[in-house]
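Engineer:
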Amino acid sequence: MDILKKLKASDLKGRGGGNFSVALKWELAKKAKNKEKYVICNASEGEPNVFKDKYILDNYLSEVINGINIAVDFIKAKDSYIYLNKNYKLRGNTGKCIIFKKTSGYIGGEETAIVESIEGKRAEPRFKPPFLTDRGLFNCPTIMNNVETFYYVSKIDKGQYNKTRFYSINGDVLNEGVYELPINMSMFDVLKQTGNYPDFDFFVQVGGGASGEIMLPQELKKPAFGAGSITIYNREKTDIYALMEKWAEFFHTGNCDKCAPCREGAFRIYEMIKKRDINYEVLDDIFLNLKKSSFCALGKSIPIPFESLIKKVK
Amino acid sequence: MKIKINNKNFECKKGEVILDVALRNGIKIPAICRHTDLEPQNSCRLCLVEIKGRGLQTSCSTKVENGMEILTESPEIKKLRKINLELLFAQHIEQCSTCNWSYKCKLLELAREYNIKITKFDDRKKNFPTYQFGPSVIFDSSKCIDCKNCIAMCKKQGVGFLDNKEKNGFFCTLPGEKKECVYCGQCITHCPSGAFEEVSSIKEVEKVLLKGNVIFQFAPAIRSSIGEEFGLPYGSITTGKLVTALKKLGAKKVFDVSFSADITTIEEGWELIERLSENKNLPMFTSCCPSWVRYVEVYKPELIKHLTSVRSPHIILGGLIKQSEDNSIVVSIMPCVSKKYEITREELKIDGVSPVDYVLTTRELGRMIRKNKINFNQLEESELDYPYGEATGAGVIYGVTGGVMESALRTVYEKMTGKRLKDINLRVVRGFKGIKEAEIKIGKRKVRVAVINGLGNVENFDYKKYDYVEVMACPGGCIGGGGQPIPINNDIRKKRAESLYNIDKKKKIRLAHESPFVEKAYKECLKNKKIIHKICHTTYGNNKNK
């Protein structure tokens, strides 16, 4: 069975947070007509409280490289790149893979911004369409997947995929760490199994330490989503304004400032929260515009943590 | 193909964006950061429309697809635009009374239309600094709405002086440290929020006007653009009214720089003939665009020896005026901010005296006329003053890309062959292509010429293939200059250019060397080589770091 059939059978979805079908992405890049094609492994992992890609790179680098090489073979790519978080180090053989150290902040993790960055431009998202599978790096069809995705590509190729994923578990927990567990396991079970289910009142942030959604204990029957992180907050001990301020500062300083709602909106959110002088009407207006009118997915996701925290915890 | 906008069918072409189809058909969509010279910035987010099946998309960057159904208005779109406008105003210090856009400001118009409170947020940029680039350009960063058009345009010009830099958690538009500005002023004409403008000389000119000895001279491109400052259609020709307006402002005399463009043509023609006969320092490059000269001096010094030694037309006329009119102050009205820099060049002084004392842009002149409550559109037409009267058609088309080349070739052909060109309309060098090439047989010699329209086309230009090359920094030439009325886009450039070609077409005298005024000037002022050299020629390379 060729890799595409295996990927289809596995139903593997991208593990960077986008949840896009890997088979479909690869098929599009394969079908795109062009002499040169590229493969990029996104190892930028720029969100707080997410560290599973680092864990995979530290422990299973050869699997990741194997996954990348499978993609290179599949589309006959000219080159492959690892777009690497500047604080990460690769220990081991990376073959022909070109290592590109990320220089920018949070926005540098957006796929089109990565392409711009490798091309030597400012890390700023591109207008889509065209999509990367059609015109990506140097305007050539490009497959870009996250570290974890390539790891599982390798596993699928070897027939060793058991529908698991990597969870970054952290916050007010006893056993902080990265755990490989079934993708459909409820968060409740994930926390129980890893000995991290709190015995105090808490809430969690799921899918990313900044853009992730806030969930309450009774909502943990669902599996985790996004980048697969679960961060526990002690409800009594957490200053939610300080938490929001941390997120707001992260978005304000980490975004690319390309579009008005994100550049100015993220700053105004930060200002209001920092001063603990929040006009909720204005805040709602800015959230609306971020969701509906900002340029890229990062801007669109900014309201998620704030809105869910305000609704469920405040 | 066909698309539906607001339930009505419209024809459109593949590759067009929704915004263009809508605007063409009179459907209003607000778009602040969009400039048709540049790729969409996707910054202001005001042009959002609702596409059936695809949700909200920016119409400036979304290409049409057959059968697309689009809504340009809805309560949700209105609300989003309103909030984004408020956020844009949150980063813009309003200085409407002195702004380049003032009464034409699209931001202010939208603020009224969407009924927003422009002071809803405190101005986060109130302490942002103002930068000055040479004697030409001012950048007030407190007015900048971060659309990045200036950066894109500066890059398109092949300069890359303006850049994005991180500052206090923001990426801001700031001057680069490693590059030098060449003062083309295209940042000014591509800025939607008036953050860029010329270094104004209005105050100084107002002061000297009180003395009664001010002589105004105006560039070829002004006659087809100044009317726009008073709401006249793009490209309106208003030469006579312009003379009257300048007289009303207190000019002692008014001259037309097109007249001295004819002298530039003749001098440059002689120089070309000489270089062709000696095969020396070819190609010869034109030098009447000071931004191009500065670009050569800063970025391509190896080309200095290729620049013609002939001074730009207004410098020549200034020199002539200073010879004949005692104690006069010469003020040039120019479509250009770089000319403000040019007049500071030391080597242009004649016996220690600058040929031109002040330069006002077309926009500044518009502002002065308005300030003096002169009703421009109602003005009578006046004649130019003597002895430097009416120009030839060749002198007028100097204002548009290819014009210097066309004028020079008309004259050079005749000087080299003794015969007139069969058709003096040299259409091959006209139009807005970035690089225009032609080969003209003059006698036995094939003269290979090129016209560079827009400084950015210089970078990968193989100049060695040519004998004579015209370079204008601004797209379209001076009619699209950094000192011209805004807005400027290709449609507007086209109209301004057509007007200049129409003037040329109607002129009885269309060749520089046939001008009786030029002949008189050579007889009476430019009597010998020494004087000609002093008034009409110069050197380069001394001004690198100014």
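First to last, the sequence lines map onto chains A and B.
When you line the first sequence up against my numbering, it's residues 44 to 357, in that order.
When you line the second sequence up against my numbering, it's residues 548 to 1093, in that order.
Positions of the beta carbon are idealized from the N, C-alpha and C atoms, including for glycine.
In this text the structure is predicted, and so the values were computed from the model without any measurement.
Please state whether DSSP places Asp1051 (chain B) in a helix, a strand or coil.
Structural biologist: helix
Engineer: Look up Leu931 (chain B) in the DSSP assignment and say whether it is helix, strand or coil.
Structural biologist: Correct three-state label for Leu931 (chain B): coil.
Engineer: What's the gap between the Cα of Pro91 (chain A) and the Cα of Thr146 (chain A)?
Structural biologist: 17 angstroms
Engineer: Which residues does DSSP list as the beta-bridge partners of Lys667 (chain B)?
Structural biologist: For Lys667 (chain B), which the question treats as bridged, DSSP gives no partner whatsoever.
Engineer: Does the stretch 157–171 of chain A come close enough to the stretch 223–239 of chain A that 3 or more CB-CB pairs lie under 8 angstroms?
Structural biologist: no
Engineer: Per the DSSP calculation, Cys84 (chain A) is bridged to which residue(s)?
Structural biologist: A:Ile125 and A:Asn188
Engineer: Decide if Glu656 (chain B) is buried, meaning its Cβ has at least 16 other Cβ atoms within 10 Å, or exposed.
Structural biologist: exposed
Engineer: So Lys980 (chain B) is in the alpha helix (DSSP H); what residue range does that whole segment cover?
Structural biologist: Where Lys980 (chain B) is concerned, there is no enclosing alpha helix (DSSP H), given that its DSSP letter is neither H nor E.
Engineer: Going along the stretch 630–653 of chain B in order, which residues come within less than 7 angstroms of chain A, judged by CB to CB distance?
Structural biologist: Ile630, Asn631, Leu634, Leu635, Ala637 and Gln638
Engineer: Could one say the Cβ of Ser859 (chain B) lies closer than 7 angstroms to chain A's Cβ atoms, at least one of them?
Structural biologist: Not one chain A Cβ lies under 7 angstroms of Ser859 (chain B).
Engineer: Does the beta carbon of Asp327 (chain A) come closer than 7 angstroms to any beta carbon on chain B?
Structural biologist: no
Engineer: Exposed or buried, Ile113 (chain A), counting other C-beta atoms within 10 Å across all chains shown (16 or more means buried)?
Structural biologist: buried
Engineer: Which residues share a DSSP beta bridge with Thr908 (chain B)?
Structural biologist: B:Met881
Engineer: Just to make sure I have the definition right: I need the residues of chain B whose C-beta is within less than 7 angstroms of the C-beta of Gly308 (chain A). Which are they?
Structural biologist: Chain order gives the chain B residues near Gly308 (chain A) as Leu634, where near means a beta carbon separation below 7 angstroms.
Engineer: Which class does Gly220 (chain A) belong to by DSSP, given the choice of helix, strand or coil?
Structural biologist: strand
Engineer: Sort B:Arg659, B:Arg1057 and B:Pro587 by Cα distance to Gly940 (chain B) and report the nearest one.
Structural biologist: B:Arg1057
Engineer: Where does Arg858 (chain B) land, buried or exposed, given buried means 16+ other C-beta within 10 angstroms?
Structural biologist: buried
Engineer: Would you please verify whether the beta carbon of Phe717 (chain B) is less than 7 angstroms from any beta carbon of chain A?
Structural biologist: yes
Engineer: Return helix, strand or coil for Lys1074 (chain B), following the three-state DSSP convention.
Structural biologist: Judged by DSSP in its simplified three-state form, Lys1074 (chain B) adopts coil rather than helix or strand.
Engineer: Assuming the contact rule is C-beta atoms closer than 8 angstroms, Trp290 (chain A) and Ala267 (chain A) should be a hit. Round their C-beta distance to whole Å, please.
Structural biologist: Rounded, the Cβ-Cβ distance is 19 angstroms, inconsistent with contact.
Engineer: Can you check DSSP and say which residues form a bridge with Lys800 (chain B)?
Structural biologist: B:Ile762
Engineer: List the residues of chain C that Asp693 (chain B) touches, going by C-beta distances under 7 angstroms, in chain order.
Structural biologist: Although the question refers to chain C, the structure presented lacks it and instead comprises the protein chains A and B.
Engineer: Taking the straight line between their C-alpha atoms, what separation do you get for Ile83 (chain A) and Ile111 (chain A)?
Structural biologist: Roughly 8 angstroms separates the two Cα atoms.
Engineer: With H, G and I counted as helix, E and B as strand and the rest as coil, what does DSSP make of His582 (chain B)?
Structural biologist: Residue state, collapsed to three classes: coil.
Engineer: Where does the unbroken beta strand (DSSP E) through Ile142 (chain A) begin, and where does it stop?
Structural biologist: Ile141 to Lys144
Engineer: Given that a residue counts as buried once 16 or more other Cβ atoms are within 10 Å of its Cβ, and exposed if not, what is His1115 (chain B)?
Structural biologist: Lying outside 548 to 1093, the shown extent of chain B, residue 1115 (chain B) is not represented and no answer is given.
Engineer: Is Asp710 (chain B) helix, strand or coil by DSSP?
Structural biologist: strand
Engineer: Where does Ser838 (chain B) fall in DSSP's three states?
Structural biologist: helix
Engineer: For Arg1040 (chain B), which residues from the same chain have a beta carbon less than 8 angstroms from its beta carbon, with the 5 sequence-adjacent residues on both sides left out?
Structural biologist: Phe979, Pro1022, Gly1023, Ile1026 and Gly1027
Engineer: For Leu259 (chain A), which residues in chain B fall below 9 angstroms Cβ to Cβ?
Structural biologist: Simply none; closest approach about 30 angstroms.
Engineer: Between the C-alpha atoms of Glu262 (chain A) and Cys302 (chain A), what's the straight-line distance to the nearest angstrom?
Structural biologist: If you take the alpha carbons of Glu262 (chain A) and Cys302 (chain A), they lie about 34 angstroms apart.
Engineer: Lys335 (chain A) CB to nearest chain B CB: under 7 angstroms?
Structural biologist: yes
Engineer: Within 7 angstroms of any Cβ in chain A, is that where the Cβ of Lys1091 (chain B) sits?
Structural biologist: Residue placement at Lys1091 (chain B) is poorly supported in this model, since its pLDDT is 49, which falls under 50; the coordinates are not used for a value here.
Engineer: Can you find a CB in chain A that lies within less than 7 angstroms of the CB of Leu603 (chain B)?
Structural biologist: Cβ-Cβ to chain A under 7 angstroms: yes for Leu603 (chain B).
Engineer: Quick one: is Ile108 (chain A) buried, meaning 16 or more other Cβ sit within 10 Å of its Cβ, or exposed?
Structural biologist: buried
Engineer: Name, going along the chain, the residues of the stretch 180–193 of chain A whose beta-carbon falls closer than 7 angstroms to a beta-carbon of chain B.
Structural biologist: none
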